Amino acid sequence: DAGVIQSPRHEVTEMGQEVTLRCKPISGHNSLFWYRQTMMRGLELLIYFNNNVPIDDSGMPEDRFSAKMPNASFSTLKIQPSEPRDSAVYFCASSSQLGASPDTDTQYFGPGTRLTVL
Amino acid sequence: AQSVTQLDSQVPVFEEAPVELRCNYSSSVSVYLFWYVQYPNQGLQLLLKYLSGSTLVKGINGFEAEFNKSQTSFHLRKPSVHISDTAEYFCAVRQKGAQKLVFGQGTRLTINP
Numbered sequence: 596d597a598g599v600i601q602s603p604r605h606e607v608t609e610m611g612q613e614v615t616l617r618c619k620p621i622s623g624h625n626s627l628f629w630y631r632q633t634m635m636r637g638l639e640l641l642i643y644f645n646n647n648v649p650i651d652d653s654g655m656p657e658d659r660f661s662a663k664m665p666n667a668s669f670s671t672l673k674i675q676p677s678e679p680r681d682s683a684v685y686f687c688a689s690s691s692q693l694g695a696s697p698d699t700d701t702q703y704f705g706p707g708t709r710l711t712v713l
Numbered sequence: 796a797q798s799v800t801q802l803d804s805q806v807p808v809f810e811e812a813p814v815e816l817r818c819n820y821s822s823s824v825s826v827y828l829f830w831y832v833q834y835p836n837q838g839l840q841l842l843l844k845y846l847s848g849s850t851l852v853k854g855i856n857g858f859e860a861e862f863n864k865s866q867t868s869f870h871l872r873k874p875s876v877h878i879s880d881t882a883e884y885f886c887a888v889r890q891k892g893a894q895k896l897v898f899g900q901g902t903r904l905t906i907n908p
């Protein structure tokens, strides 16, 4: 299996520009998570989906952030407009949330997208 | 709500020495416990997890952790570290029945030759 795939791996943009981060979860996984990692705040859960439906978006910092999952194999996290304080590493993770056993619920992380907003 | 405290932000040790990375958690409900490792410029990889049963959990790369309910701790140990263990280590908790992982701030393990 290819694991969780994220693109781009690095993104440098200017303040005010729109940024779109992409994630392809592991095939067969039905839960997808977006995290942000910064020095100041560590790893924070932004939003997660079950079966393509957003379940908890309480971690999304503000309206400039939006996430979608149009199908089971693709998700996007969009920031519009971007600001320098959005600079961070954004991770996507997926798991198989079948509800049968917590042992199957391990989250597998992608390599992350390092975003720099100038 | 749950919270995780990793007591050491950085731990330097010599190669082949033992190491313990400390993790304490706070929760009013039963939780599952995890340790993840992040190598430079990579994503997080699961080291081990405690779900139930034996409080001593063995993971990959020779790591183990012990769940102590009375002390609400889940410390990570390795009897002899290698240069390749240099990484950042994250402790995390998840409420039983929920999916949200709450992470600690991480501990940077540096191995000196």
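Heads up: the protein sequence lines correspond to chains S and P, in order. Throughout the first sequence, residue numbering follows the working numbering, covering 596 to 713 in sequence. Throughout the second sequence, residue numbering follows the working numbering, covering 796 to 908 in sequence. Cβ atoms here follow ideal geometry from the backbone N, Cα and C, with glycine treated the same way. This structure is a prediction, so every number in the text was calculated from the model and none was measured.
Give the straight-line distance between the Cα atoms of residue i and residue j, rounded to the nearest whole angstrom.
i                : j                : result
Trp830 (chain P) : Cys886 (chain P) : 5 angstroms
Leu672 (chain S) : Pro706 (chain S) : 15 angstroms
Gly848 (chain P) : Pro874 (chain P) : 23 angstroms
Ile906 (chain P) : Ala882 (chain P) : 9 angstroms
Gly899 (chain P) : Leu638 (chain S) : 8 angstroms
Asn863 (chain P) : Gln890 (chain P) : 16 angstroms
Leu616 (chain S) : Tyr827 (chain P) : 30 angstroms
Tyr630 (chain S) : Leu640 (chain S) : 4 angstroms
Gln632 (chain S) : Lys844 (chain P) : 21 angstroms
Val888 (chain P) : Glu609 (chain S) : 36 angstroms
Asp651 (chain S) : His877 (chain P) : 39 angstroms
Gly601 (chain S) : Lys619 (chain S) : Checking the displayed sequence, the identity of residue 601 (chain S) turns out to be Gln instead of Gly. Each residue's alpha carbon lies about 6 angstroms from the other.
Asp803 (chain P) : Ser689 (chain S) : 29 angstroms
Gly598 (chain S) : Leu896 (chain P) : 19 angstroms
Thr867 (chain P) : Ile621 (chain S) : 33 angstroms
Glu678 (chain S) : Asp658 (chain S) : 13 angstroms
Pro908 (chain P) : Val808 (chain P) : 9 angstroms
Arg903 (chain P) : Leu816 (chain P) : 9 angstroms
Gly623 (chain S) : Ser691 (chain S) : 7 angstroms
Ser879 (chain P) : Gly901 (chain P) : 18 angstroms
Gly838 (chain P) : Ser825 (chain P) : 27 angstroms
Gln805 (chain P) : Tyr884 (chain P) : 10 angstroms
For residue i, I'd like the list of residues in its chain whose CB is within less than 6 angstroms of its CB, leaving aside the five on either flank, ordered along the chain.
i                : result
Phe660 (chain S) : Ile674
Arg709 (chain S) : His605, Val684
Asp681 (chain S) : Ile674, Val712
Val607 (chain S) : Thr711
Val742 (chain P) : The displayed coordinates of chain P run from 796 to 908. Any statement about residue 742 (chain P) would go beyond what the structure contains.
Phe644 (chain S) : Leu627, Met664
Gly611 (chain S) : Pro676
Pro813 (chain P) : Pro874
Ser822 (chain P) : Gln797
Thr914 (chain P) : In this structure chain P extends from 796 to 908, so residue 914 (chain P) is not present and cannot be described.
Identify, in the order they occur along the chain, each residue of the same chain with its Cβ nearer than 7 angstroms to the Cβ of residue i, setting aside the five sequence neighbours on each side.
i                : result
Asn646 (chain S) : Asn625
Phe869 (chain P) : Cys818, Tyr820, Leu828, Tyr845, Ala860, Phe862, Cys886
Gly654 (chain S) : Glu639, Leu640, Leu641, Ile642
Phe686 (chain S) : Tyr630, Gln632, Phe704, Gly705, Gly707
Pro603 (chain S) : Thr708
Gln840 (chain P) : Tyr831, Val832
Can you give me the Cβ contacts of residue i inside the same chain, cut-off strictly under 8 angstroms, excluding the 5 residues immediately before and after it?
i                : result
Lys663 (chain S) : Ser670, Thr671, Lys673
Thr701 (chain S) : Ser690
Val614 (chain S) : Glu606, Thr608, Lys673, Ile674, Gln675, Ser677, Asp681, Leu710, Val712
Pro649 (chain S) : Ile642, Tyr643, Ala662, Met664
(message) Does the contact criterion of 3 or more C-beta pairs under 8 angstroms hold for the segment 831-848 of chain P versus the segment 798-814 of chain P?
(response) No, because fewer than three Cβ pairs between the segment 831-848 of chain P and the segment 798-814 of chain P fall closer than 8 angstroms, the two stretches do not touch.
(message) With three or more beta-carbon pairs closer than 8 angstroms as the criterion, would you say the segment 846-863 of chain P touches the segment 661-681 of chain S?
(response) Taking 8 angstroms as the limit for Cβ pairs, the verdict is that the segment 661-681 of chain S does not touch the segment 846-863 of chain P.
(request) Please go through the segment 810-857 of chain P and give each complete beta strand (DSSP E) segment of 3 or more residues, from N-terminal end onward. (result) Counting whole runs of 3 or more residues, the segment 810-857 of chain P contains the beta strand (DSSP E) stretches 814-816, 819-821, 826-833, 839-845, 851-853.
(request) Below 9 angstroms between beta carbons is the criterion; list the residues of the segment 820-842 of chain P that meet it against any residue of chain S, in chain order. (result) Using a CB distance below 9 angstroms, the part of the segment 820-842 of chain P facing chain S consists of Tyr827, Phe829, Tyr831, Gln833, Asn836, Gln837, Gly838, Leu839, Gln840, Leu841, ordered along the chain.
(request) Select from the segment 620-634 of chain S all residues with a C-beta closer than 7 angstroms to any C-beta belonging to chain P, and list them in chain order. (result) Going along the segment 620-634 of chain S in chain order, one finds Ser626 with a Cβ nearer than 7 angstroms to chain P.
(request) Taking only beta carbons into account, state which residues of the segment 648-659 of chain S come closer than 8 angstroms to chain P, listed in chain order. (result) So the list reads Ile650, Asp651, given in the order they occur along the chain.
(message) Any C-beta of chain S within less than 7 angstroms: which residues of the segment 893-905 of chain P qualify?
(response) Answer in chain order: Gln894, Lys895, Leu896, Phe898, Gln900, Gly901.
(request) Give, in chain order, every residue of the segment 874-891 of chain P whose Cβ lies closer than 9 angstroms to some Cβ of chain S. (result) From the segment 874-891 of chain P, only Phe885, Ala887, Arg889, Lys891 have a Cβ closer than 9 angstroms to chain S.
(message) Give me the subset of the segment 842-871 of chain P whose CB atoms are less than 9 angstroms from a CB atom of chain S, sorted by chain position.
(response) For the segment 842-871 of chain P, which is checked against every Cβ of chain S, the residues closer than 9 angstroms are Lys844, Leu846, Ser847.
(request) Jot down the residue ranges of each uninterrupted beta strand (DSSP E) in the segment 617-675 of chain S, minimum 3 residues, whole runs only, in chain order. (result) If we require 3 residues or more, the beta strand (DSSP E) runs fully inside the segment 617-675 of chain S come out as 626-633, 637-645, 648-651, 660-666, 669-674.
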